[in-house]
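These notes are about the structure you will find just below.
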Amino acid sequence: MRLFGLAAGLLIAGVLPVAAAPSANVDFSGTVAATCSITASTNGTMKLNPSTGTTLGSEEAGGTRGSVTVLSIGASTLTIGAPSLTSTPPVGYVTGTQTIEVSYSGAPSSGLSGVSHAYTSSQTTQPLGTIGASDLYINNRIVNPSGFPPDTYTTRTVVTCAQP
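Note that our numbering gives residue 109 to position 20 of the sequence shown, counting from 1, and the numbers run on in steps of one.
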């Protein structure tokens with residue numbers, strides 16, 4: 090009885106070891122790689138300015154801008170190439186007097202909202218940090234004081250995104 094009393098006293102005092110509850114660790118890991126991608130693109134259309142007949146552009150009445158969607162994780166460089174005429178000019182078109190230009194701007198309230206450039210015929214670059222998928226709006230125009238004989242004119246601007 091005395092032994093029973095001693096054991097009961099130790100149990101009440103919390104001296105006897107209590108078995109540990111079973112446990113398991115659940116770990117998670119994730120790797121984020123630096124990347125820059127262009128996930129979608131939309132072509133634009135150019136219309137002739139009827140009052141001058143010397144500008145064919147996407148910002149003329151009835152024209153539409155093109156766009157690309159850019160995603161950047163980490164430091165990236167967005168390059169907007171110099172535009173080029175990709176269609177064969179018609180007979181009578183004077184290529185020596187033409188200027189082909191591109192302008193662009195990021196969608197408002199997006200990761201590209203601070204990116205913009207006025208019309209230029211040169212390649213440009215924009216540094217980027219981490220941004221969620223954001224649209225970049227692109228306009229092209231051909232200015233030719235010699236005018237435009239009837240035909241279809243096609244320009245191209247190549248947009249690339251790369252890690253430095």
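All residues carry an ideal CB built from backbone N, CA and C; glycine is no exception. Since we're looking at a predicted model, the values are computed, not measured.
In this chain, Glu-149 is not harboured by any beta strand (DSSP E), its DSSP state being neither H nor E. If you check the CB distance, Ser-235 and Thr-186 come in under 8 angstroms. In the DSSP assignment, Ala-171 is bridged to no other residue. In the structure shown, Gly-185 falls within a helical segment according to DSSP collapsed to helix, strand and coil.
Out of Thr-128, Val-107, Thr-244 and Arg-230, the CA that lies nearest to the CA of Thr-143 is found in Arg-230. CA-CA distance, Thr-158 to Thr-243, rounds to 22 angstroms.
Beyond the five residues adjoining it in sequence on each side, Met-135 comes within less than 6 angstroms, by CB distance, of Leu-145, Gly-146, Ser-147 and Gly-152 in the same chain, given in chain order. Excluding residues up to 5 positions away in sequence, Thr-144, Leu-145, Glu-149 and Phe-237 lie with their Cβ nearer than 8 angstroms to the Cβ of Leu-137 in the same chain.
Three or more beta-carbon pairs separated by less than 8 angstroms link the region 202–222 to the region 169–183, which places the two stretches in contact. The beta carbon of Ser-130 sits closer than 6 angstroms to those of Val-157, all from its chain and outside the five residues before and after it, given in chain order. The residues Pro-238, in chain order, have a CB closer than 7 angstroms to that of Gly-181 in the same chain once the five nearest residues on each side in sequence are set aside. Counting of Cβ neighbours within 10 angstroms places Thr-128 among the exposed residues, the total staying below 16.
The alpha-carbon separation between Thr-177 and Thr-246 amounts to approximately 16 angstroms. Contact between Ala-123 and Ile-162 holds, since their C-beta atoms are separated by about 6 angstroms, short of 8 angstroms. According to the DSSP assignment, Gly-221 belongs to the beta strand (DSSP E) that extends over 220–232.
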